[in-house]
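Using this note's numbering, read the sequence shown as starting at 80 and increasing by one per residue.
For glycine and all other residues, C-beta sits at the position ideal for the given N, C-alpha and C.
The structure presented is a predicted model; accordingly, all values stated were derived computationally and were not measured.
The structure appears right after this line, and notes come after that.
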Amino acid sequence: MLFDSYFIDVLLPLPLERQFTYRITQEESDFLEIGMRVAVPFGKSKIYTGIVYKIHQQEPQIYDAKDIEQILDDTPILTELQLKHWAWISSYYMCALGEVLKAAFPSVFLLESETIVLSNPDFTDHDLLSSDAYLIYEALQRQSQISISQVSKILSKKQVFPTLKTMIAQEAIRLKEEIYEQYQPKMVSYIRLDTAWENKLEELLKFLSRSEKQRTLVLCYFSELAKSKNPLKKKELLQKSGISAAVCKGLEKKGIFEVYELQTDRVSFGEASQQIPTLSTDQSIALENIKTIVEQSDICLFHGVTGSGKTEIYAHLMQQVIDQGQQVLFLVPEIALTTQLIIRLQRFFGDQLSVYHSKYSQNERAEVWNHILKGSAKAKIVLGTRSAILLPFSHLGLIIVDEEHEASYKQYDPAPRYHARDAGIVLAKMHKSKIVLGSATPSLESFYNAKNGKYGLVSLNRRFGQVQMPNIHLVDLKEKHKKKRMTGHFSDTLLTAMKETLEVKEQVILFQNRRGFAPLIACETCGVSPQCPNCDVSLTEHKFKHELRCHYCGYHRAIPLKCDACGSADLSSKGFGTEQIENELLTLFPDHHIGRLDLDTTRGKYGYAKIIEAFQHGEIDILVGTQMLSKGLDFKNVTLVGVLNADNMLNFPDFRAHERSFQMLTQVAGRSGRNKKQGQVLIQTFNPYHQILQQVTTNSYVQMYEEQISDRRNFFYPPHFRMIQLTLKHKDFNLLNEGADWLGKSLKNSFGKHLLGPTSPAVARVRNLYIKKILIKIPPKQSVPDTKAHLQKVQNMFDAIGRFRAIRVNIDVDAY
Ligand code: ADP
Ligand code: ZN
Ligand code: ZN
80 MLFDSYFIDV LLPLPLERQF TYRITQEESD FLEIGMRVAV PFGKSKIYTG IVYKIHQQEP
140 QIYDAKDIEQ ILDDTPILTE LQLKHWAWIS SYYMCALGEV LKAAFPSVFL LESETIVLSN
200 PDFTDHDLLS SDAYLIYEAL QRQSQISISQ VSKILSKKQV FPTLKTMIAQ EAIRLKEEIY
260 EQYQPKMVSY IRLDTAWENK LEELLKFLSR SEKQRTLVLC YFSELAKSKN PLKKKELLQK
320 SGISAAVCKG LEKKGIFEVY ELQTDRVSFG EASQQIPTLS TDQSIALENI KTIVEQSDIC
380 LFHGVTGSGK TEIYAHLMQQ VIDQGQQVLF LVPEIALTTQ LIIRLQRFFG DQLSVYHSKY
440 SQNERAEVWN HILKGSAKAK IVLGTRSAIL LPFSHLGLII VDEEHEASYK QYDPAPRYHA
500 RDAGIVLAKM HKSKIVLGSA TPSLESFYNA KNGKYGLVSL NRRFGQVQMP NIHLVDLKEK
560 HKKKRMTGHF SDTLLTAMKE TLEVKEQVIL FQNRRGFAPL IACETCGVSP QCPNCDVSLT
620 EHKFKHELRC HYCGYHRAIP LKCDACGSAD LSSKGFGTEQ IENELLTLFP DHHIGRLDLD
680 TTRGKYGYAK IIEAFQHGEI DILVGTQMLS KGLDFKNVTL VGVLNADNML NFPDFRAHER
740 SFQMLTQVAG RSGRNKKQGQ VLIQTFNPYH QILQQVTTNS YVQMYEEQIS DRRNFFYPPH
800 FRMIQLTLKH KDFNLLNEGA DWLGKSLKNS FGKHLLGPTS PAVARVRNLY IKKILIKIPP
860 KQSVPDTKAH LQKVQNMFDA IGRFRAIRVN IDVDAY
């Protein structure tokens, strides 16, 4: 028996079913710990960064373990608890653990491997080379090395390995593996006086008597030092003194100044500047109730109406947790919407707050990661979007899920298709920490769980500071059209209210949900509207840029002058989106400033913040926007909210359409009258008697809940039934159909009437791939794990059928 073999199982950021085993030395085995990164060879010539998952002595049976390339960390970069949580995600959401790793890691942590091809100067037998090989050879005469991806470009094909392999055998080229670490902490140069000159200012000035400029710089150094004990930045000193860097260099050379570098954080909030406000009586009662509930049952749903001051209550909760030395995770649905929240929380918590989201640079994210891992004082509170639940918390005490009903907590593509609220509940359990789900309009699932005693429930029904709930009115569009009281998309009622509001210098928010009702152009002669060549959808009109765009794949073209189908020049715009509303406003209110908030106007890191700030500072009088506007914003001077058309939301083909409409309308209405004066809300609709609109106007969440939950029961939907959705994609329509039918039939055998489909979705082709969907509904008594296990078995059978292998099958657990 040999005892001198050592192995590690390595988790790679790839959609693989299992970990791979690599051979290590005994010394490496002694050094390595679970959670450290290693660079390992994988496949023919790739090198990947992976995570040590297991350290052991069992040689793999079916393949030869390769050696690792390199150890990349001195200490683990993640925690074992974190790995355990990832494993739960992978098993619950039916995806590979490597996919969770990929989603969790800032990409700078995953070293890049680029295979580099080098020329061999000794090679002379050109005649041996094939024509492809000759092209590569020639390219290497001009530059000393090229990457494999460049080779692919030169030959304009993907499969370049065979050619390269031959060339290696011929010794025409060599390969070089290059690994480099991308993450570099930001270094800042500081200046200090050489110790030899300490306390010798007079002597020093004498010594420098012949250099006026060096003397000035030294004097400036001393006066800055007298002001603050902090290390002095070189850049700052040069700015303050107005002296050039060359002069400073001179002082360095003379051994008077010493320049040293320190790592600094890219993002820093400074000191807290404000006490968390004292709570009102209502708020204090809510806070105490939440505390009692989480003591008993760990999970609390906090149902507080818009403007009830949930944020301040959270702040008190968080303070208590960080005082006990524990970490807080504050989850928000979308970072674009958190500019205001960051500012508010940063005032209370200063530097103890870290922010983690996709608009931060890779390096910024890596920094936050490290702070959390080390349990540093800078990351006591982590404010982040859904992927923040994948961070390396070491002693988590509390998770807050703000606006827990928001759809953006669910990741749809790519895998892991997880729900951050639900994965958060599991994370809290693993850490034995508390979790609070907050919303003015809780999701039906959460309210259902609260009603059934699974979560505790705390309600706060009054706004902070005796502010009244807004007054909501419905405007009947049918009648307005009949009586010719419409100007464009505006009823006279809405226009009058807007004028009155603007007259007293208050602000207006207009809400236009563009989803499912995009502006497009259509031919008046034959009715055809231009389609995307890659997807089965009409192109959307973007007037400002004079182009038509596909919202699924990004395809765009100029607005045509004539109909593609019949050649008629009679083309006109149909439907309306935010852009068109903005245009109408420009003519209706030429003397007022109009702003627009939607995906098109908020690109870039600060795109969103700019518009929000302009509105906050009163530089914009009327703000038009999409559902972005409905989320958690707090403007003091908005007293009128107008909804241009509530109907397209209500008619959206989705079992949650009614619930979502209620949430969206209630939230957007909640932006009105948040200060003293009661706000006003006008909702334009063709269906003023729709029960959802009635419930919105009377703020009847519970009634809405009762009705919807019984509909869900009657039609076998969540939360009574669970749902798993399969999405199949392939570019060959017939093959896709055949595959979908096979899978559908096989699953129908076991799931019977609760298997729906295969069906084609409304948009049946995206990016040239056809799409089919299959839905598995799981009745309350059927075991979810068994269902998943069976599904996995059938899918393995499907994958084993050769011709189906190329069909992509995505599994989405809890697909809602
Ligand atoms: P919600 O998130 O519940 O919609 P917010 O937390 O935005 O409500 O609070 C609404 C407004 O009331 C905010 O402007 C907030 O600053 C203010 N507010 C809430 N609680 C207090 C308090 N205890 N003291 C002072 N201002 C408060
Ligand atoms: Zn036409
Ligand atoms: Zn497209």
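Item                                                                                                            : Value
Three-pair Cβ contact test at 8 Å for the segment 177-187 versus the segment 465-477                            : yes
Buried/exposed call for Met-80, threshold 16 Cβ in 10 Å                                                         : Any answer about Met-80 is weak, because its pLDDT of 44 lies below 50 and its placement is not dependable; what the coordinates show is given next. Exposed is the call here.
Beta strand (DSSP E) runs wholly inside the segment 107-145, at least 3 long, in chain order                    : 116-121 and 125-135
Check: Asn-613 C-beta below 7 Å from any heavy atom of ligand 3                                                 : yes
Opening and closing residue of the alpha helix (DSSP H) in which Ile-886 lies                                   : No alpha helix (DSSP H) holds Ile-886; DSSP gives it neither H nor E.
N- and C-terminal bounds of the beta strand (DSSP E) containing Cys-611                                         : First-last for Cys-611: undefined, no H or E at that position.
Stretch-stretch touch, CB-based, cutoff 8 Å, three pairs: the segment 138-149 with the segment 402-417          : no
Boundaries of the alpha helix (DSSP H) in which Gly-177 is found, first to last residue                         : 176-183
Touching by the beta-carbon criterion (3+ pairs, under 8 Å), the segment 576-583 and the segment 777-791        : no
Through-space distance from Gly-656 to Pro-669, alpha-carbon basis                                              : 20 Å
Cβ-based burial, Thr-371 [other Cβ within 10 Å; buried from 16]                                                 : exposed
Check whether Phe-590 and Val-384 have beta carbons under 8 Å apart                                             : no
Beta-bridge pairing of Gln-419 - partner residues as DSSP gives them                                            : BP columns for Gln-419 are empty, so no partner.
Sequence-distant residues of the same chain with beta carbon closer than 6 Å to Phe-734, five excluded per side : Tyr-796
Alpha-carbon to alpha-carbon, Lys-852 and Lys-824                                                               : 13 Å
Beta carbon of Val-338 nearer than 8 Å to that of Ser-268                                                       : yes
Buried/exposed call for Lys-244, threshold 16 Cβ in 10 Å                                                        : exposed
Cβ-Cβ distance between Val-616 and Tyr-631 below 8 Å                                                            : yes
Residue from Arg-801, Lys-562 and Leu-599 whose Cα sits closest to the Cα of Leu-834                            : Arg-801
Straight-line gap, Ile-378 to Leu-516 (C-alpha atoms, nearest Å)                                                : 8 Å
Exposed unless 16 or more other CB atoms sit within 10 angstroms - verdict on Glu-159                           : exposed
Cβ neighbour criterion (16 or more within 10 Å) applied to His-474                                              : exposed
Arg-753: CB within 7 Å of a non-hydrogen atom of ligand 1                                                       : yes
From Arg-116, Arg-271 and Ile-551, residue whose alpha carbon lies closest to that of Thr-128                   : Arg-116
Buried or exposed by the 16-neighbour rule on C-beta atoms within 10 Å, applied to Leu-573                      : buried
8 Å Cβ cutoff met for Thr-390 and Leu-420                                                                       : yes
Inter-stretch contact at 8 Å, needing at least 3 Cβ pairs: the segment 154-172 / the segment 506-516            : yes
Distance between beta carbons of Ala-175 and Glu-96, contact taken as under 8 Å                                 : 6 Å
6 Å CB neighbourhood of Ala-394 in its chain, flanking five on each side removed                                : Ile-355 and Phe-427
For Phe-99, the three-state DSSP class (helix, strand or coil)                                                  : strand
Nearest candidate by alpha-carbon position, reference Asp-361, set Asn-730, Glu-585, Leu-539 and Leu-826        : Leu-539
Same chain, Cβ closer than 6 Å to Leu-424, neighbours up to 5 away in sequence not counted                      : Leu-432
Closer than 7 Å: Tyr-849 CB and nearest ligand 3 heavy atom                                                     : no
Identified DSSP bridge partners for Ile-701                                                                     : Val-587 and Ile-673
Within the segment 744-774, ranges of the alpha helix (DSSP H) (whole runs, at least 4 residues)                : none
Cβ pair count under 8 Å reaching 3, the segment 751-766 against the segment 784-791                             : no
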